[in-house]
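J.:
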Amino acid sequence: MPSDPLEIVAQGYDAAAAEYAQWITTSVTDLGRTKYQERFCDLLSEGSTVLELGCGGGGPTTERLAERFALTGIDISATQIARARDRVPAATFVHEDMTLATFAPASFDGAAAFYSLIHLPYGELPAMLARVSSWLRGGGVFVASLSARGESGEHFAADWLAGAPMYWSGYPLPETAQFFAEGGLTIVESSVETNIEDGQPAPFLWVIATKPMP
Numbered sequence: 002m003p004s005d006p007l008e009i010v011a012q013g014y015d016a017a018a019a020e021y022a023q024w025i026t027t028s029v030t031d032l033g034r035t036k037y038q039e040r041f042c043d044l045l046s047e048g049s050t051v052l053e054l055g056c057g058g059g060g061p062t063t064e065r066l067a068e069r070f071a072l073t074g075i076d077i078s079a080t081q082i083a084r085a086r087d088r089v090p091a092a093t094f095v096h097e098d099m100t101l102a103t104f105a106p107a108s109f110d111g112a113a114a115f116y117s118l119i120h121l122p123y124g125e126l127p128a129m130l131a132r133v134s135s136w137l138r139g140g141g142v143f144v145a146s147l148s149a150r151g152e153s154g155e156h157f158a159a160d161w162l163a164g165a166p167m168y169w170s171g172y173p174l175p176e177t178a179q180f181f182a183e184g185g186l187t188i189v190e191s192s193v194e195t196n197i198e199d200g201q202p203a204p205f206l207w208v209i210a211t212k213p214m215p
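To get the numbering used here, take the position in the sequence shown, counting from 1, and add 1.
1. Please report the residue range of the beta strand (DSSP E) in which Asp110 lies.
2. Just how far apart, CA to CA, sit Asp98 and Gly200?
3. Quick one: Cα of Leu206 to Cα of Phe41, how far?
4. Exposed or buried, Pro6, counting other C-beta atoms within 10 Å across all chains shown (16 or more means buried)?
5. Just to confirm the assignment, what range does the alpha helix (DSSP H) spanning Arg34 have?
6. Beta strand (DSSP E) containing Ala203: first to last residue?
7. Whole alpha helix (DSSP H) runs in the segment 20–103 with 4 or more residues, listed along the chain?
8. State the DSSP-derived secondary structure class of Ala149, mapped to helix, strand or coil.
9. Among Ser4, Tyr37, Asp31 and Leu32, which has the Cα closest to the Cα of Phe143?
10. Please list, in chain order, all residues of the same chain as Val10 whose beta carbon is under 8 angstroms from its beta carbon, the five residues on each side excluded.
11. Which residue's Cα is closest to the Cα of Pro175: Glu198, Ala163, Gly164 and Leu147?
12. When the Cα atoms are used, what is the spatial distance from Phe157 to Asp15?
13. By alpha-carbon positions, which one of Ile209, Thr187 and Ala18 ends up nearest to Gly58?
14. Would a C-beta distance cut-off of 8 angstroms place Ala165 and Gly55 closer than the cut-off?
15. Put Asp125 into one of helix, strand or coil per three-state DSSP.
16. Can you name the start and end residues of the alpha helix (DSSP H) that Tyr14 belongs to?
17. Check whether the Cβ atoms of Gly111 and Ser28 sit closer than 8 angstroms, and answer yes or no.
18. From the DSSP secondary-structure annotation, give me the bridge partner or partners of Tyr168.
19. Quick test of your reading: Ala91 and Ala113, contact by CB under 8 angstroms. State the CB separation rounded to the nearest angstrom.
20. Excluding five sequence neighbours on each side, which residues of the same chain lie with their C-beta closer than 7 angstroms to the C-beta of Val89?
21. List the endpoints of the continuous beta strand (DSSP E) containing Ile119.
22. Tell me which same chain residues have a C-beta within less than 7 angstroms of the C-beta of Trp24, skipping the five on either side of it?
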């Protein structure tokens, strides 16, 4: 297994893209995604420019965002990006590591990160949130899901799905809230929603944050 967390994530989703799409449909009860997806949609005008960080293979969330907004999706997995382009031709997709993306300041009205920030290398969340803030216009909206297991650190799995590896990281909830504030984002709504994954509880912190007007 590679030692670079981002290489692990890219290889994992490249190898298990089809299995992941099936798994989230058949083995996951997701209690937060639809709630916060629709809340995000309600907060932005139709036609707004939106960036989806970690768009995956263009699942129902990506389809929903592309229906309402001018959507750009970015993902580290080449296989997932190819699937997204086939599934959601109306959106623009970029194959790139989000930590290296170079969007112009104030490019987007909104940004979304559904189950993608949990794959950042441990320690890189604060810088990523600051980057998201820089890409948003004043008054812009950011929705994200993060680990809510209450522990700080990283976790590797050599055999995640279909024998593919995977990597995750997380932080205590107070630290996560502090990272948002330090990155220039004001949390306006949040809650812990517990998914059921393969019959086991998996808590996630859901956040809606805004970038203050200049």
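Beta carbons: idealized from backbone N, C-alpha and C, even for Gly.
T.: Let's see:
1. Run containing Asp110: Phe109 to Ala114, per the beta strand (DSSP E) assignment.
2. Cα to Cα, the separation comes out at about 31 angstroms.
3. Straight-line Cα distance between these residues: approximately 15 angstroms.
4. Result: buried.
5. Arg34 -> alpha helix (DSSP H) spans Arg34 to Leu44.
6. Run containing Ala203: Gln201 to Thr211, per the beta strand (DSSP E) assignment.
7. Within the segment 20–103, the complete alpha helix (DSSP H) segments of 4 residues or longer fall at 34–44, 61–69 and 79–88, listed in chain order.
8. Looking at Ala149 - three-state DSSP - the assignment turns out to be coil, as it is neither helix nor strand.
9. That would be Tyr37, whose Cα lies nearest to the Cα of Phe143.
10. If you ignore the 5 residues before and after Val10, its C-beta comes within less than 8 angstroms of the C-beta of Ile77, Ser78, His120, Met167 and Tyr168, all in its own chain and listed in chain order.
11. It is Leu147.
12. For Phe157 and Asp15, the distance between alpha carbons rounds to 17 angstroms.
13. Among Ile209, Thr187 and Ala18, the Cα nearest to that of Gly58 belongs to Ala18.
14. Result no, Cβ atoms of Ala165 and Gly55 do not sit closer than 8 angstroms.
15. Here residue 125 is Glu; the residue named in the question, Asp, does not match the sequence. The three-state secondary structure of Glu125, taken from DSSP, is coil.
16. Here the alpha helix (DSSP H) through Tyr14 covers Pro6 to Ala16.
17. No.
18. For Tyr168, the beta-bridge partners assigned by DSSP are Phe157.
19. Ala91 to Ala113, Cβ: 16 angstroms. No contact.
20. Once the five neighbours on either side are set aside, the close Cβ partners of Val89 are Gly59, Thr63, Glu64 and Ala67.
21. Segment: none, Ile119 is in no beta strand (DSSP E) and carries neither H nor E.
22. Taking Trp24 as the centre and dropping the five residues before and after it, the same chain places the C-beta of Leu162 closer than 7 angstroms to its C-beta, in chain order.
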